[in-house]
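Read through the structure below, which is laid out as structure tokens, and then see the notes.
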Amino acid sequence: HQRCDVDGYATALLPAGDYEIDIAYNTKEYGVSVEYKATVNLSVSRDMSKTIKLELVKRYGIEVQSPDEVFSVYPGDTVTTKITVRNQGNTEETIRLEGTPNDWGFEFEKNNITLDFGESVTINVTITVSKDALVSQNKAEIKAVCVEDNAVEAKAEVSFNISRVFGVGVEEGSVRRIEIKSGELKYSINVKNLGNDADNFDITVVNAQTWNALGWNVSVTDDDGNVIKNVEIDGKSSKAIYITIKKTGERIKGMPSTVEIYVVSQNSSASATYDLAVVRPDVGIEGEILVEGNNIRTTPPSNEEFYVFLVSSVIITLAIISLLVLGTTRPRRRRRWQRR
């Protein structure tokens, strides 16, 4: 190892031969550490001097300063703040700015900025909070990425205090089932939490007494069939519940056409009503499903039974057709008339 003098020269006494020479030079420029390097192949056979050009070893680096303010907003609001971006590398670089969450809006004074090493700039950023932002989404992230080397990046956080909003909706679900033997009807409905935080909702069947007076019991149940009076749902989510209709054991006197459902938040006045249309089964005077006819069965035929029935039907049909054809083509006998 040889050190250069103040003019950048180094002297070495070497035997004749071929050499690979590595040269490195470290210094500071504008307060930033920089390094210069070079590698050369040299053949030595006599006294000689050689000038070697050193190249800067480029290192990229970024720093982003976050704003100190915490913004209190409602979903859909817009705020403007400032961030400071600094080139922490030892060479000029271009920096691209982007923001997350992806469903929020980010508008930068400049999307791409070019800074010399050690240089910094402060720019305006306008952030639009998503209309579906949850209370728990209390931070937005701004990322600065080096265009020359995408692996180099820095992040800054902008803090938010998102106000809570409430809302609820109801829609019919996918389950519509009638149990023939038990006379039970079951329907699913989806309760939607339109608010931006978890909420509890009370569920009431408004016309339950009307149903009961006609011989039916209407209840709200969960997936396991347990009777429930309320349900907890995460913000911007929905949950399926079930409306179960059963005979009370009393004489059936009729059936309403709808189940009137009322859903209300336990934490606000947000509410929704929904009229669930009910398909009326043919219910007899004692509350049984009426099925009339001979040899009625409650289970569908097997494949073998169905094929036997199908073949038999075809044979019978062909026989009938043959008889009809023979009846229409049979020759008529002539009667002779004798005069007496």
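Heads up, the sequence shown is in the working numbering, so the first residue is 557 and it goes up one at a time.
For glycine and all other residues, C-beta sits at the position ideal for the given N, C-alpha and C.
- With a beta-carbon spacing of about 19 Å, V635 and V641 fall beyond the 8 Å limit used to define contacts.
- Secondary-structure assignment with DSSP links I797 through a beta bridge to I745.
- The beta-carbon distance between V774 and V835, rounded to whole angstroms, is 15 Å. This is too long to meet the 8 Å contact definition.
- As summarised for the stretch 770-820, the continuous beta strand (DSSP E) elements at least 3 residues long and confined to that stretch are 772-777, 786-789 and 794-803, given in chain order.
- DSSP lists K699 as the beta-bridge partner residues of E654.
- Of the candidates Y818, I718, T684 and W772, W772 places its Cα closest to the Cα of M811.
- Around S813, the same chain offers A833, V834 and R836 as residues with beta carbons nearer than 8 Å, after the five sequence neighbours per side are excluded.
- In the DSSP annotation of this structure, the continuous segment of the beta strand (DSSP E) that includes T670 starts and ends at N668 to L671.
- Beta bridge pairing from DSSP links D574 with S599.
- Excluding its 5 nearest sequence neighbours in each direction, N680 has C-beta neighbours in its own chain below 7 Å: T636, K638 and E665, listed in chain order.
- Around the beta carbon of P571, fewer than 16 other beta carbons sit within 10 angstroms, so the residue counts as exposed.
- The three-state reading of DSSP puts Q644 in coil, since its state is none of H, G, I, E or B.
- Per the coordinates, the alpha-carbon of T583 lies some 13 Å from the alpha-carbon of K614.
- If the five residues before and after N717 are omitted, its C-beta is found closer than 8 Å to the C-beta atoms of V626, F627, S628, V629 and N694, all from its own chain and listed in chain order.
- Taking the CA atoms as reference points, Y798 sits about 11 Å from I759.
- In the three-state DSSP reduction, A754 falls in the coil class, being neither helix nor strand.
- Nearest to N768 by alpha-carbon distance, out of S730, Y616, K802 and G587, is K802.
- Per DSSP, the continuous beta strand (DSSP E) segment holding E713 begins and ends at E709 to I718.
- Sequence-distant partners of W660 (beyond 5 residues in either direction) whose C-beta falls short of 7 Å from its own C-beta, in its chain, are I683, T684, V685, S686 and A696.
- If you look at S676, you'll find it in the beta strand (DSSP E) that goes S676 to T684.
- The beta carbon of G729 sits closer than 6 Å to the beta carbons of S744, I745, N746 and A796 from its chain, once the five residues preceding and following it are set aside; these are given in chain order.
- Partner residues in the beta bridge of L612, as assigned by DSSP, are Y592.
- If you look at V834, you'll find it isn't in any beta strand (DSSP E); DSSP assigns it neither H nor E.
- Contact annotation: V691 and N752 have beta-carbon atoms nearer than 7 Å.
- According to the DSSP assignment, E619 belongs to the beta strand (DSSP E) that extends over I618 to Q621.
- Measuring C-alpha to C-alpha distances from L612 to each of Q621, D624 and T595 identifies T595 as the nearest.
- CA-CA distance, D624 to I789, rounds to 34 Å.
- Annotation for E663: the continuous beta strand (DSSP E) segment containing it runs G661 to F664.
- Within the same chain, T650, I651, R652, L653 and V703 come within 8 Å of N668 by CB-CB distance, once the 5 residues on both sides are set aside.
- With respect to the 7 Å criterion, A826 and F722 are classified as neighbours on the basis of their beta carbons.
- For Q765, the closest C-alpha among the options N706, I817 and S824 is that of I817.
- In its chain, beyond the 5 residues on either side, Y630 have a beta carbon closer than 6 Å to the beta carbon of S719.
- By the Cβ-count criterion, K748 is buried, with 16 or more other Cβ atoms from all chains shown falling within 10 Å of its own Cβ.
- The residue among V708, S793, A689 and S794 with its C-alpha nearest the C-alpha of G632 is A689.
- Residue environment for L879: exposed (fewer than 16 other C-beta atoms within 10 angstroms of its C-beta).
- Your pair L770 and K742 does not check out as a contact, with CB atoms roughly 18 Å apart and the cut at 8 Å.
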